[in-house]
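Student: What follows is a single structure, and I will ask about it in a moment.
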Ligand SMILES: [Zn+2]
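In full-length UniProt numbering, the protein residues as written are 1 to 198.
Printed below as a string of structure tokens:
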């Protein structure tokens, strides 16, 4: 059944991977977590498996996602952070209650309570967003160069020259568009020569 839904985008930054569950915001929008079950699958994919997800959990997830998107976009544009978004990020972080656990093999995992609660998982996502919006991690926000996307992503490249939120989708579309333009141009030039020859 999961094949019927758009795939997740899996980036290295948790909170912008979360905002990446809604893509093509300025084109034909692609909702990658359209149902509670898909939100649950998304959490599991990011090692935040929760016991269950309800419709109201999904609504809260959308609210957090929008707040992160707005705050990250403001950061990318060098604008002031909208107060509503700041308040929401703080609320979700406070409601969280997840515990960081160090595993025997030296990795961090999150304990989300028993049963593992959606609010705890959203709290981890909110805390991750707060960390990068506050500049506590090396990197900088930028907006995707694709005009139909314009997603705010967190650029951790050394020179901060990343242009697309996702190389496999937006980056690839741009590459293909350039190639098509080049081919069309070559075709025109060829056609011109042919007409001239006749
Ligand atoms: Zn993009």
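Quick reminder that beta carbons are idealized off the backbone N, C-alpha and C, glycines included.
Just how far apart, CA to CA, sit residue 162 and residue 19?
Tutor: Whole-angstrom Cα-Cα distance: 18 Å.
Student: Which of helix, strand or coil does DSSP assign to residue 111?
Tutor: strand
Student: Quick check on residue 23: does DSSP put it in helix, strand or coil?
Tutor: In the structure shown, residue 23 sits in a strand (DSSP, three-state: E or B).
Student: Quick check on residue 10: buried or exposed, where buried means 16 or more other Cβ atoms within 10 Å of its Cβ?
Tutor: exposed
Student: Is any heavy atom of ligand 1 found at a distance shorter than 6 Å from the C-beta of residue 151?
Tutor: Answer for residue 151: yes, Cβ within range of ligand 1.
Student: Run through DSSP, which three-state label would residue 13 get?
Tutor: coil
Student: So, residue 93 versus residue 121, is the Cβ gap smaller than 7 Å?
Tutor: no
Student: Tell me the DSSP bridge mates of residue 183?
Tutor: Paired residues: none, contrary to the question.
Student: Just to confirm, does residue 17 get its C-beta within under 6 Å of one of the non-hydrogen atoms of ligand 2?
Tutor: In terms of ligand content, the structure shown lacks ligand 2 and carries ligand 1 instead.
Student: Could you tell me whether any non-hydrogen atom of ligand 1 is closer than 6 Å to the CB of residue 146?
Tutor: yes
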